[in-house]
Amino acid sequence: MVVITQDMIKQFDDLMESIDEPLKITFQNLHKGYPTETVIRFLTARDGNISKAHNMLVDCLKWRIENEIDKILSKPIVPAEFYRSVRDSQLIGMSGYTKDGRPVIAVGVGLSTYDKASIQYYVQSHIQINEYRDRVILPSATKEFNRHISTCVKVLDMTGLKLSHLNQIKLLTVISNIDDLNYPEKTDTYYIVNAPYVFSACWKVVKPLLQERTRKRVQVLPGCGKDDLVKIMDYESLPHFCKRQGSGSSRYARNSTDEDCCFSLDHGFHQQLYNYIKQQAAGAESQPLSN
């Protein structure tokens, strides 16, 4: 792994001085008071190549401006019934924290159907969760654990996985590219659990589509992964599908109100996210229009 030196950071900072003012403003919104750590992420993502890392960051900032990412948490997916259908078909949530304070993001790969909305809404939902993680969850964890925390771990549940899931490859590739290009080095490890026999066939198709640095962070755990995951997180922080061997996400019904299921809109994480976006939207509406 490349070692990022102070000289590399200094050269990168010098390049950032010459970017346009709108990009500088968006960069401030991106780094949230940790510019050096953000620079290091982009340098690491490009193996220490300063020019490539700088171009990557500038492209990211342009993407944020063009897609109004700084405002995305004030743009709820409405109505509420439609948002619930998005949540019921794009299974993602947060179950807790590792022992060293990193958020644990759970993803129900095998039971996500992505059939209740257009790609646009699933991408919007994914970005909103990324932004909520970076703007709210990680700063809160940093304060609580008294150290800078800028990354998470992801636990991917393969319960229900079928070869037909490869039909979703377009959407999953779009989401993966967004993460690779605009949220680099935000996930330390991807843990695969409850993998059925078809997983190896699906992995052969998906693996070449991923960045090399992402592939190296994938770990396939036996069974539901509980025995391995409790080494890095308390039992209470395990995703619900890891708590009982063989239970998988099948415990989760599409219309479940189970507050223990981190995919459910009734789970604490999603309730806080939903209310936060509503509050941000109300605040944006109350602001006077500029001339």
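Here our numbering is used: the first residue of the sequence shown is -11, the next is one more, and so on. A virtual CB, placed ideally from N, CA and C, is assigned to each residue, including glycine.
Reduced DSSP secondary structure (H/G/I, E/B, other) of residue i
i	result
Ala183	coil
Leu253	coil
Gln199	coil
Met(-11)	coil
Met146	coil
Thr101	coil
Ser106	coil
Arg52	helix
Rounded straight-line distance, which links the Cα of residue j to that of residue i
i	j	result
Asp145	Ile60	27 angstroms
Lys40	Asp248	43 angstroms
Thr14	Ile157	31 angstroms
Val208	Ile93	16 angstroms
Gly236	Lys142	Bear in mind that a pLDDT of 45 at Gly236, under 50, signals an unreliable position, so the number given afterwards is only what the model happens to contain. Rounded to the nearest angstrom, the two C-alpha atoms are 16 angstroms apart.
Glu173	Phe187	25 angstroms
Leu261	Met(-4)	37 angstroms
Gly98	Asp2	45 angstroms
Asn134	Asp88	10 angstroms
Arg239	Phe229	Any reading at Arg239 needs caution, since the residue's pLDDT is 44, under 50, leaving its predicted position unreliable; the model's value is listed next. Rounded to whole angstroms, Arg239 to Phe229 spans 7 angstroms at the Cα level.
Lys195	Arg203	7 angstroms
Met221	Asp58	32 angstroms
Ser152	Tyr102	12 angstroms
Phe257	Ile117	10 angstroms
Asn43	Thr(-7)	19 angstroms
Ala241	Pro23	Because the pLDDT at Ala241 is just 42, under 50, the model does not fix this residue reliably, and the value given afterwards should be weighed accordingly. Near 42 angstroms, if we compare the C-alpha coordinates of Pro23 and Ala241.
Endpoints, beta strand (DSSP E) assigned at residue i
i	result
Pro91	91 to 96
Met82	80 to 85
Cβ-heavy atom distance, residue i to the ligand MG, below 8 angstroms
i	result
Asn134	The ligand MG is not part of this structure, which contains no ligands at all.
Opposing strand residues paired with residue i [DSSP bridges]
i	result
Met221	Thr86
Tyr178	Lys142, Val206
Residue range of the unbroken alpha helix (DSSP H) whose run includes residue i
i	result
Pro127	126 to 133
His19	9 to 19
Ser62	First-last for Ser62: undefined, no H or E at that position.
Ile157	157 to 170
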